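A short write-up of the structure that comes next.
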Amino acid sequence: MISFAGMARAGTASLLLIATVLALSPAFADDGFPFGSEMTLDVDRQRGSKRIPNLEIGDKGEVILELWCKGGKGQFSVAGNTVIFVPGAMENRTCPSDRAQQDDELIAALAEAGTWKRQGDFVSFVGAKTLRFRINTN
């Protein structure tokens, strides 16, 4: 005869195993986080500049940032629709102070984002300010 407590333990163990596998498996689905991709900020070019900020995201969440003026590294951690971005040291390049300020604001907005969502080739990081990036598919 099977006891209720035994069934409950088996069910709990099964749920924990499934949750662990899902948490440890990388998100490679088409609607998942775009690990291993390059993305460009969905904005127009600034007057006098050919650059548009972009992120190159590695398979483990490591990021290379090329902004309007600055460049550097960072790290994304993703669990479901929750995202954490930790910026690393940024290289200060010679540029106008307004562009450097926009770079700082962009980095701060990425760091403040708490969730993300993907709609086709677009990924949005949502916090106090929403940042929308296009996944480069070329």
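The sequence shown runs contiguously to residue 188 in my numbering.
From the three backbone atoms N, C-alpha and C, an ideal C-beta is built for every residue, glycine too.
Keep in mind that this is a model prediction, so the values were computed, not measured.
Along the length of the region 132-163, whole alpha helix (DSSP H) runs at least 4 residues long occupy 147-162, reported in chain order. Annotation for R184: M89, T90, D92, D171, F172 place their beta carbon closer than 7 Å to its own, counting only its chain and skipping 5 residues before and after. By the Cβ rule, the region 144-159 does not count as touching the region 105-113, because fewer than three pairs are nearer than 8 Å.
By the criterion of a C-beta distance shorter than 8 Å, G121 is surrounded in its chain by I114, L115, M140, E141, R143, once the five residues flanking it on both sides are discounted. Leaving aside the five residues that flank Q125 on each side, the residues in its chain whose CB is nearer than 8 Å to its CB run, in chain order, G111, E112, V113, F135, V136, G138.
When the alpha-carbon of L117 is set against those of D109, L105, V128, S127, the nearest one is in L105.
With 16 or more other Cβ atoms from the protein chains shown falling within 10 Å of its own Cβ, D153 counts as buried.
Counting along the chain, L115 sits inside the beta strand (DSSP E) bounded by residues 112-116.
The alpha-carbon of S127 is positioned some 25 Å away from that of C119.
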